[in-house]
Amino acid sequence: MRVAVLTSVETGFASLCLPPIVERSGAEIALVMLADGPPASRWRRMRQILGKTRRIGLLGAINGLRMRRWYGADVAALLSIEPIETVARRLSIPFERTPGVNSDRTIELLRGADVDLGLSLGNAWISPRVFEIPRAGMLNVHHELLPEFQGAQSVVWSLHEGRRTTGYTIHRVSRGIDEGAIVDRRELPISFRSTLAETVTATYALLLRDSAVRLAEVVRDFPALVDAAQPQSGGRRFTTPTWRAFRRIRREHDRLRGPGVSSNA
Numbered sequence: 035m036r037v038a039v040l041t042s043v044e045t046g047f048a049s050l051c052l053p054p055i056v057e058r059s060g061a062e063i064a065l066v067m068l069a070d071g072p073p074a075s076r077w078r079r080m081r082q083i084l085g086k087t088r089r090i091g092l093l094g095a096i097n098g099l100r101m102r103r104w105y106g107a108d109v110a111a112l113l114s115i116e117p118i119e120t121v122a123r124r125l126s127i128p129f130e131r132t133p134g135v136n137s138d139r140t141i142e143l144l145r146g147a148d149v150d151l152g153l154s155l156g157n158a159w160i161s162p163r164v165f166e167i168p169r170a171g172m173l174n175v176h177h178e179l180l181p182e183f184q185g186a187q188s189v190v191w192s193l194h195e196g197r198r199t200t201g202y203t204i205h206r207v208s209r210g211i212d213e214g215a216i217v218d219r220r221e222l223p224i225s226f227r228s229t230l231a232e233t234v235t236a237t238y239a240l241l242l243r244d245s246a247v248r249l250a251e252v253v254r255d256f257p258a259l260v261d262a263a264q265p266q267s268g269g270r271r272f273t274t275p276t277w278r279a280f281r282r283i284r285r286e287h288d289r290l291r292g293p294g295v296s297s298n299a
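So for the sequence shown, the working numbering puts the first residue at 35; every next one is plus one.
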């Protein structure tokens with residue numbers, strides 16, 4: 035099986051996935067693409083940001099910016115994640131940069147790679163013009179349980195709902211974000227630490243490590259697993275927490291963690 039990897043994150047989940055796919059899946063990674071160009075329309079991006087700020091409030095938006103580090107720089111440092119180009123070159127995998135996930139260049143490269151399966155690892159919305167190119171479509175890894183937590187950031191919304199567990203879902207890419215048929219999912223315990231920030235980073239790191247290995251196994255067993263993929267129904271959609279929701283997340287974190295140092299993050 036020939037596989038292509040598409041990511042928008044230079045130092046993130048995709049970097050962790052390449053070695054186990056090479057070692058465990060039996061598939062050939064024909065191409066790795068990093069979509070790291072500027073937004074196609076800055077005005078459109080600005081409208082999206084303003085619209086989201088209206089929905090979650092200014093405090094929620096500011097806090098959301100702070101939380102990005104928990105899922106980005108902090109977890110990258112914890113797992114010693116390397117840039118995707120470095121990993122691809124070391125594994126002798128063809129690597130290309132494109133100006134955007136849905137750009138004409140991405141489409142051109144994907145068609146030229148002649149792959150059976152695409153892997154979307156760290157992207158936002160993907161156009162059918164892209165995900166329909168591989169013969170068997172594309173898979174995405176959502177680091178929360180589906181269909182319960184569509185669009186949700188890992189860990190925080192599970193805490194909001196009073197859960198001690200989180201998880202990840204490997205699903206087919208479809209027109210709706212996180213709405214494709216479920217190929218595999220795993221539930222894992224939340225790794226509680228002294229602060230909410232530490233808990234999120236530690237648990238997210240666990241999810242990334244575990245799902246990188248599991249994705250390689252799914253690629254290996256893809257023909258059998260895809261036939262058993264389950265369509266989603268009754269999903270719930272989430273976004274960045276409002277300040278009120280974040281305060282509840284922090285309270286639930288302290289309650290579920292039990293006695294210890296009070297969370298201040």
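Just so it is clear, CB atoms sit at the ideal spot from N, CA and C, and this is done for glycine as well.
- Message: Which runs of the beta strand (DSSP E) at least 3 residues long sit entirely within the segment 135-211? Give them in chain order.
- Response: With a minimum length of 3 residues, the unbroken runs of beta strand (DSSP E) contained wholly in the segment 135-211 fall at 151-154, 172-176, 199-206.
- Going along the chain, which unbroken runs of the alpha helix (DSSP H) with 4 or more residues stay wholly within the segment 83-120? With a minimum length of 4 residues, the continuous alpha helix (DSSP H) runs that stay inside the segment 83-120 are 92-105, 107-113.
- Message: Taking 8 Å as the threshold (C-beta atoms), are residue 165 and residue 217 in contact?
- Response: Position 183 of the sequence shown holds residue 217. Position 131 of the sequence shown holds residue 165. For residue 217 and residue 165, no; Cβs fall outside 8 Å.
- Determine which residues share a DSSP beta bridge with residue 129 and list them. Against the sequence shown, residue 129 aligns to sequence position 95. According to DSSP, residue 129 bridges with 66.
- Query: In three-state DSSP terms, what is residue 43?
  - Reply: For the purposes of this step, residue 43 is taken as the residue at position 9 of the sequence shown. Coil, per DSSP.
- Specify the secondary structure class of residue 215 as computed by DSSP and reduced to three states. By one-based count along the sequence shown, residue 215 stands at place 181. DSSP, reduced to helix, strand and coil, places residue 215 outside both helices and strands of the structure shown, so it counts as coil.
- Query: Taking all protein chains shown into account, do 16 or more other C-beta atoms lie within 10 angstroms of the C-beta of residue 286, making it buried, or fewer, making it exposed?
  - Reply: Within the sequence shown, the letter at position 252 stands for residue 286. The residue is buried, with at least 16 neighbouring Cβ atoms inside 10 Å.
- Task: Taking residue 257 as part of the alpha helix (DSSP H), name the residues at either end of that continuous run.
- Result: Within the sequence shown, residue 257 is the residue found at index 223, counting from 1. Segment 256-261, the alpha helix (DSSP H) holding residue 257.
- Task: With a cut-off of 8 Å on the beta carbons, I'd call residue 20 and residue 115 a contact; round off their distance for me.
- Result: The structure shown does not extend to residue 20, since the chain spans only 35 to 299, so no value can be given for it.
- Query: Going straight from the alpha carbon of residue 202 to that of residue 183, what length do you get?
  - Reply: Numbered from 1 along the sequence shown, position 168 holds the residue referred to as residue 202. Numbered from 1 along the sequence shown, position 149 holds the residue referred to as residue 183. Using only the alpha carbons, I get a separation of about 10 Å.
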